[in-house]
Amino acid sequence: MNERIIGAYKYRHFGNKGKVDKILQVLKEYRKTAKDIAKIQWNLFFKQGNFNEYNEVKNIKSKLSERYKQTCQSQLVGILESYISNRQNDFVEIVYNSSLDKDTKFILFVINKSKVWFNEKLQKAVLKDKKGKVIKELPINKYHYKLARKILKHTFKQNKFPSFKNISMNLDKKVMDIQKKKDGKAKSFDYWVSITTLEKRRPVYIPLKTNSYAEKLDGKFLNFIQVNEKDNDIEIRLVKELNKKEEYIPQTDILAIDIGLNPLFATDKGDLFGRCFKDYLIQLDAKITKRMQYLQKNNIKPSKDKKYKKLVQKFRDFLKSEINRIFNRIIEIYKPKVIVLEKLDFRSPDLSKRLNRLISNFGKRYINEKIERIKQFYGIEVIFINPAYTSQECSNCGYIDKDNRKDTHTFECKACGNKINAQVNGARNIFRRSSLGEITPYTSKKKVLQILVKQYLERYKGCNSAPCELLMNNPYYRDYLSNSKPLMCVE
Ligand SMILES: [Zn+2]
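The sequence shown begins at -14 in our numbering and counts up one residue at a time.
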């Protein structure tokens, strides 16, 4: 894979209020124009099945120059395309898990992959082997297209269309220029950016101070900046393309990580990382809840309250830095070739609903961002496995039981007595499941249980099995056994 690694880094700016206001005006107009362009692009999509970065922008009413509109359009199309590509994945998951017959599934996959849901351009779904020989050829009819659209629209309902109300501007050379300080000039700023405004031929010049962290990173700056708004001021980010780490030599084949809250990470090798993570969150949660109560009592919107926003920001910073720190540490220690994770879901009954929501949203986002980095930087392969029952399964004997817990931290197996940290147990199950071909990320929860129960019963047929009484009192096994021949209960 030759993906590019792009990072955006904040540079402090020293533009005065007059200049800042002019850029904020541009941003406002930019967002408004983005909304209009999006409408046109969606129309194109529903007609043709794709967006067009080079669509004519002349007729779009806006105070922005033509060049600005083009810049805006290409940024937008990037966002829309990534939205659709995610929906295509949802589509595959839905069809895969459905009870449709094999051929219909195949036809739907072809329609989805070729993005012909709306224009019905294909008449046949063709499967070829590597040499180009046709293996399968099926006619696509109206019914398939209708079904495909229904599924796609369902994924739209589950995931709101991207909104451009708060986007930052990604400005390129068409509307922006950036100059580095000339050597020898002592009393000058490190960078100057000029940004086109709504007034023709009157760009504003904004001085920037360097960001030493970003400067040190191995890579090269792109002719590209991000401009966003924060508390009536602007934020400017420079964009850098980073170089891959060449010297990374894996030392561990597979490392499984269980991501939870207490600790934040556990590995199948038995280590626990971020043990104080949750305690700190509970403290912060109490502060946020208290502030929220105060705001509600006084009828103040949280978005208008500086203190509340500061607390939430503190939480986000903490979460992000912990995730980064621990991933880096784990990579440093084990140098894994493959990292196995389960689908992310952190939630804890010890935290308020609000914090659970925050941690679920931002935690997922930061972890996904970090994973992308890890893949790009080190070439580590990251695999997600099906998470069903990994917290109830014993990593020693495979027995599954809701009561396989001593307390929230300790896993204790009812069948074999294995006593182990609950998250390490989870990580070991994740590790094992990565090599279990029978269970894929798309296997339904019910089917996963069936497979695991069957495996357990087959493995422990006879003398080493759990007491019959235990199995017959466990609904997971009872249901399975009552549907099959009574092979276990001969004591
Ligand atoms: Zn066990």
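Using N, Cα and C, we set each Cβ at its ideal position, and we do this for glycine too. Every value quoted in this text rests on a predicted model; they were computed, and no experiment measured them.
Once the 5 residues before and after residue i are set aside, which same chain residues still bring their CB inside 7 angstroms of it?
i: residue 475; result: Confidence at residue 475 is low in this model, with a pLDDT of 42, below 50, so its placement is unreliable and no value can be given for it.
i: residue 152; result: 16 and 19
i: residue 260; result: 248
i: residue 4; result: 189 and 191
i: residue 440; result: 383
i: residue 349; result: 329
i: residue 459; result: 386
Kindly examine ligand 1 and report whether one of its heavy atoms sits closer than 8 angstroms to the Cβ of residue i.
i: residue 71; result: no
i: residue 374; result: no
i: residue 465; result: no
i: residue 382; result: yes
i: residue -7; result: no
i: residue 110; result: no
i: residue 402; result: yes
i: residue 261; result: no
i: residue 453; result: no
i: residue 379; result: yes
i: residue 57; result: no
For residue i, tell me which candidate among the options has the shortest Cα-Cα distance.
i: residue 98; options: 119, 74, 114 and 89; result: 74
i: residue 430; options: 408, 467 and 370; result: 370
i: residue 51; options: 146, 159 and 381; result: 159
i: residue 381; options: 414, 176, 47 and 177; result: 414
i: residue 353; options: 341, 367 and 343; result: 367
i: residue 101; options: 131, 283 and 112; result: 131
i: residue 188; options: 0, 231, 403 and 388; result: 0
i: residue 213; options: 423, 41, 149 and 419; result: 149
i: residue 233; options: 121, 319 and 13; result: 319
i: residue 342; options: 459, 436, 266 and 227; result: 266
i: residue 399; options: 378, 406 and 418; result: 378
i: residue 485; options: 279, 277 and 307; result: This structure leaves residue 485 out entirely; the chain is present only between -14 and 476.
i: residue 262; options: 244, 275 and 277; result: 244
i: residue 145; options: 203, 72 and 388; result: 72
i: residue 205; options: -8, 437, 438 and 444; result: -8
i: residue 385; options: 434, 405 and 221; result: 434
i: residue 207; options: 460, -6 and 437; result: -6
i: residue 507; options: 305, 426 and 334; result: Not covered by the structure: residue 507. The range shown for the chain is -14 to 476.
i: residue 292; options: 305, 79 and 277; result: 277
i: residue 126; options: 388, 282 and 95; result: 95
i: residue 235; options: 66, 321, 216 and 141; result: 321
Tell me the DSSP bridge mates of residue i?
i: residue 192; result: 177
i: residue 321; result: 237
i: residue 31; result: Residue 31 pairs with nothing; no bridge assigned.
i: residue 222; result: -5 and 211
i: residue 96; result: Paired residue(s): none; residue 96 is not in a bridge.
i: residue 164; result: 177
i: residue 157; result: 209
i: residue 204; result: 227
i: residue 327; result: 370
i: residue -10; result: 227
i: residue 385; result: 378
i: residue 242; result: 252
Near residue i, what residues of its chain come up, given a Cβ to Cβ distance below 8 angstroms and the 5 sequence neighbours on each side ignored?
i: residue 463; result: 456 and 457
i: residue 35; result: 29 and 100
i: residue 119; result: 111, 112 and 113
i: residue -3; result: 193, 194 and 196
i: residue 359; result: 312, 316, 324, 365 and 367
i: residue 419; result: 239, 241, 323, 325, 368 and 370
i: residue 269; result: 296, 299, 300, 303 and 340
i: residue 85; result: 93
i: residue 46; result: 21
For residue i, I'd like the list of residues in its chain whose CB is within less than 6 angstroms of its CB, leaving aside the five on either flank, ordered along the chain.
i: residue 177; result: 164, 190 and 192
i: residue -14; result: Only weak support is given to the placement of residue -14: the predicted model assigns it a pLDDT of 41, under 50, and the value that follows is read from those uncertain coordinates. So the list is empty, once near-sequence residues are dropped.
i: residue 241; result: 253, 325, 412, 415 and 416
i: residue 372; result: 327 and 328
i: residue 181; result: 160 and 188
Shorter than 9 angstroms from the beta carbon of residue i to some beta carbon of chain D?
i: residue 74; result: This model lacks chain D altogether; it includes just one protein chain.
Legend entry - In chain order, each beta strand (DSSP E) run of at least 3 residues that lies wholly inside the segment 387 to 431: 395 to 397 and 404 to 406
Inset, instruction - Run through the segment 104 to 147 for me and flag every whole alpha helix (DSSP H) of 4 or more residues, listed as ranges in chain order. - result: 127 to 143
Legend entry - Continuous beta strand (DSSP E) assignments of at least 3 residues falling wholly in the segment 347 to 381: 366 to 370
Inset, instruction - Output the residue ranges of the alpha helix (DSSP H) runs that lie fully inside the segment 244 to 321 and measure 4 residues or longer, sorted by chain position. - result: 262 to 282 and 291 to 319
Legend entry - Sequence ranges, alpha helix (DSSP H) only - wholly within the segment 33 to 89, length at least 4: 51 to 82
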